[in-house]
Amino acid sequence: MNTIGRIGVLILWMHTLTLVRSKDCQRESFLRSRLYDSNFDISTLESTYANRREVRVPCNIGHSGFFKLVCNDGEWTSKGKPCRPISCGHPGDAQFAEFQLVEGEDFVFGSKVVYTCHKGYQMVSRINYRRCFVEGWDGVVPVCEAQQCPFIRVDNNVFVNGDPEEATFGNVIRFSCKSKLDILEGPSEIYCNEEGEWSGRAPKCKKLMCLVPEIENGYITEEAREYSENEILYFSCNEKFKRREDRPSKCTKVGMRAEWSPTPECEPTKCVLQLPPLKGTTYEPAFKSVFVPGETLRVTCEGRFWIFSSRETVAETTCNDDGQWTINPVCKEITCNRKYYSYAVIEGTDKSVYKYNEQVDYVCNNGYVGRFTLTCGKGRWKGTQSCMKGKPCNRPELMDANIRGADKQSYSNNEKIQYVCTYSQEVREAKCEEGVWTGITKCSACPKAVIPHGFAVGAQGDKLTYTCDEGYKLFNKGWWGEATCVNHLWSGLEQCIGEMQCGEIPAIANGEALTIQKPYDENESTEIRCNEGFEAQVTRLSCHEGEWSSDGSQLNTICTARASNCDAPPKVDNAIITTTYKNNYLTDSEVVYECRNKYMLVGEGSLRCLGRKWEEKNITCALYCDLPKDHTITFKVHKDRFVDGEVLQYQCSENGEYLNATCVDGKWDKTVECDGKPCNRPELMDANIRGVVKQSYSNNDKIQYDCTNSQEVHEAKCEEGVWTGITNCSELKCLVPEIENGYITEEAREYRENEILHFSCNEKFKRREDRPSKCTKVGMRAEWSPTPECEPIKCLLQLPPLEGTTYEPAFKSVFVPGETLRVTCEGRFNIVSPQETAAETTCNDDGQWTINPVCKEVVCTNEREYNVRRWDVWWGQRIVMGDTVEYSCIADYESSDGSNLAKCTREGWKPKPLCQEIICHRMDIENAVNRDPYSLTYKNNKRVYYECREGFTGSPFRTCTANGWTGDSRCTGNPVLMYLFCWLLM
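Quick note, the sequence shown lines up with residues -22 to -1, 1 to 964 if you use mature numbering (1 follows the signal peptide of the UniProt record, and there is no 0).
This is the structure we're talking about:
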């Protein structure tokens, strides 16, 4: 055959091959079919595929899935699942912030979350959002910090309680004067608000001074000058004048000003009588109560009264220039002083003084018998004493006891007897002394107590004291026990248990332990149940070596509040919370606000905890003005209080025009009054008017009155027919106390029952009691309860130290500010950070440590990383150093060390990272060309196709897997084509 013929045969053969491929599948038919999804990556698909060829369709970036196309006689069929967006998991909570999903419907590839800071906080991170990419959430969780107020400058003489340099939202600074001789001008308290601004300016302190007063009818007896607080003003009154007050006048701090107290005043000298006169006393002249110096008065006493100084019944007395009488014009009842006898006692009430004609009955003793009576005469006793030696005793009446030996109806003086207690068989002794038995005590009505493993240490009547033998202890942990005899049985006898047994179960804050009255042996335990809104950190208490163990947890922190509770309630200006203040409140709990003095509540006064937030209400305390108390005025609107800006309309006469007054800062902008009106004599309870008593008093007249019980002097004023300033003398009040190392933070005043005293302590001192001090009625007096006291600040340690913690110095539990302590933690514990096992901490001026001196066990987070699929950790599980956890990785990732075991270490989970992406390095095939875009690395499941060079056949491909490259990867020579080419060349 010639060469041309051979070429024809070759062309015919090639045409035949073309006819066989006519049933291939086309890429375009896939793109138009229902199998196509926009999440597929079609960049690597070829235009035509041979019959029965399988093609893996990859997913776009950020999506995962396993999808294959199969060519069947020109039609595409599919295997596997379509592509789905990759999940990034939870984006992470930011402290003091909330986040919101603004793009996408879930935390998957392409979604976006935006973080917003809470009220009073600001974003310090540059970016406030996170996006979900292939590698997970980009960036980091944004950081919100509290709004910071600017540095506030304070004068050197002002004491500052708080941090004026680095204050943040909600921080409060309190001011006071360093010197008690100064007074504060400006607010005593300011706070950093949500805009990062101070609520007011810093106050100033100025020196407290009193000026020299002008004294009518008197003069200063020292060189004129200014006076400091508590300095005394020395002054005298002119002739025939005297001081109005006997007390010295002191320069006194009254609120924000300095005043003389009492006011230095001189009044005309006069001698005053009490009218009507005391019982048994008559005067001549009869109805005159005020006398000037030189005037005389005749005093007459009734039969059983006399003038004590002269022992006469009639006397004449003169008023001296100093306002004193030459003879005290008071008749006193004739009395006799008690007469003493060494062998006598008084029968009935024994008094030191007896009235005129009063009789006293004496009974003889000390070996004497008999009785006699004395009568009080005019300055001496009437009657004689008569006592004889010795007195017998009648047979004693004994309860639960019998007399030993002879039982007689009468016993001689100084005779002794013995008696036996019926139940205890105890023998006791008594003695007859002048007709009276001494030494007789009550016998118990119960038999001798049986105390297993214990013994009685004392008994007194129906009371028994007992304790346990060596090696035993009382069930309730006390050293001694006490039992009482009830119905011939001992009540209150507790069992003695072994030293290594556990008895009474301790109290648990916010919860309880199920108790069974029995001694608990070693390793026995009882269940812990927490109150509603709290959850247990440990579930059982165990008995270990005679003590109850809670696995290192403190009893007051075993039951902790759930995260759904509310933090401390918001502050309301000029208001306090009347309910118990806490740092954590249960859901649905309520707090009630009460306005401070001179402020009134506008709107509602309570807030309720809703989930993790307090409900939003506008609670306001506004200054108010009282309705003027004037019976001569008619008010258009009658209510007790008016808030700032309200207008009061009133009229002085019927059908007269209405006048207006406006309430401004708690005071009326003008005096609300009409023409003057007199007052009738006031009706006083438990009090007497000083000086002249009248039936009617003019407008603006003042009176002074004495409280009968307390002897306090008060002042009242007649204002338009109404007395003002009259207080209830029977009402108990508390005075402002002197607080050592502390000071009152409000205007000094008197306090009524249940009112609270607001005070603070000086630097390096704190309140002895956290509870507020209330004015409390105790018997017939008023006291502060608890007593307002300030004690030195100190830092405390729990000894012995908590598990894993040792201290240096070792046995010291109380530290003063400035002292330091070294804390060392055991191997699996840490302090400050997981890498640190030792630290030095200092006691601060506020009683807190610079570093909390407690070692904490190293723990690892139980949150699953985004590329981890299986994570054998349950919600809330506590994982400590050394624990291991099994895990597996998501598609396209594998364990970093191949073990699929994660271990909790001091540096966190190891290996780190837990999962690494599966990649394969580029590999070429002999006699083939890589048809994919050039790349040095390939991801998991990536299939790379190769084209055999001319003269070689095959469908070479490779797939990247966790075990490396797999698949048909050969290009071999075609025997038919090789033969044809060789034949053509022949």
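Heads up, the beta-carbon is just placed ideally off N, CA and C, and yes, glycines get one too.
Using the three-state DSSP reduction, which class does residue i fall into: helix, strand or coil?
i	result
E781	coil
E490	strand
D11	Sequence inspection shows Ser at residue 11; the Asp mentioned does not correspond to that position. Coil.
R203	coil
K333	strand
K266	coil
K752	strand
R586	strand
K360	strand
E6	helix
K185	strand
K1	helix
H(-8)	Confidence is the limiting factor: at H(-8) the pLDDT is only 46, short of 50, which leaves the residue's position unreliable and the question unanswerable from this model.
I193	coil
I39	coil
N840	coil
C309	coil
N315	strand
Counting only the same chain and skipping the five closest in sequence on each side, list residues whose C-beta sits under 8 Å from that of residue i.
i	result
A302	The amino acid at residue 302 is misidentified as Ala; the sequence shows Gln. Same-chain partners within the cutoff: C249.
R235	I161
S738	N139, R152, S154, G720, Y721, T723
P812	V836, R884, E885, G886
V516	I506, S528, D529, S531, I536
G178	G164, P165, I168
Considering only the alpha carbon of each residue, which of the options lies closest to residue i?
i	options	result
N666	A694, A639, K645, T296	A694
P547	M901, N562, V428	N562
R382	P660, A760, C399, C803	C399
F44	S947, A869, W176, G489	A869
V125	C480, K97, L564, A514	The residue you asked about is not Val; residue 125 is Gln in the sequence shown. Closest option to Q125, Cα to Cα, is K97.
L376	T419, Y340, C410	T419
E411	C696, N343, I857, P246	N343
residue 977	P891, W458, F453	The structure shown does not extend to residue 977, since the chain is modelled only from -22 to 964, so the question has no answer here.
H736	P770, C753, F743	C753
R927	T950, R586, K455	T950
Let me know if residue i comes out buried or exposed under the rule of 16 or more other beta-carbons within 10 Å of its beta-carbon.
i	result
V792	exposed
N845	buried
Y397	buried
Y318	exposed
residue 965	Because the chain in this structure spans residues -22 to 964, residue 965 falls outside the shown range and cannot be described.
T798	exposed
R619	exposed
R108	buried
R(-2)	Confidence at R(-2) is low in this model, with a pLDDT of 44, below 50, so its placement is unreliable and the value that follows should be read with caution. Under this definition R(-2) is an exposed residue.
I39	exposed
H41	buried
K451	buried
A461	buried
W701	buried
Q479	buried
If you drop the 5 nearest sequence neighbours on each side, which residues of the same chain put their C-beta closer than 6 Å to that of residue i?
i	result
E262	R276
T557	V569, V570
V118	none
G114	C66, Y844
R34	K46, R921
E32	K46, V48
S330	R316
N149	C170
T937	R921, T944, G945
Any heavy atom of the ligand HEM inside 7 Å of the beta-carbon of residue i?
i	result
G481	Looking for the ligand HEM in the displayed structure turns up nothing, as the structure carries no ligands at all.
Would you say the region 804 to 811 touches the region 831 to 841, given that touching needs at least three Cβ pairs under 8 Å? yes
Three or more C-beta pairs closer than 8 Å, one from the region 168 to 185 and one from the region 124 to 144: is that the case here? yes
Just checking, does the region 753 to 762 make contact with the region 500 to 509 on the three C-beta pairs under 8 Å criterion? no
Just checking, does the region 737 to 751 make contact with the region 195 to 202 on the three C-beta pairs under 8 Å criterion? no
Can we say the region 636 to 652 touches the region 600 to 615, given the rule of at least three CB pairs closer than 8 Å? yes
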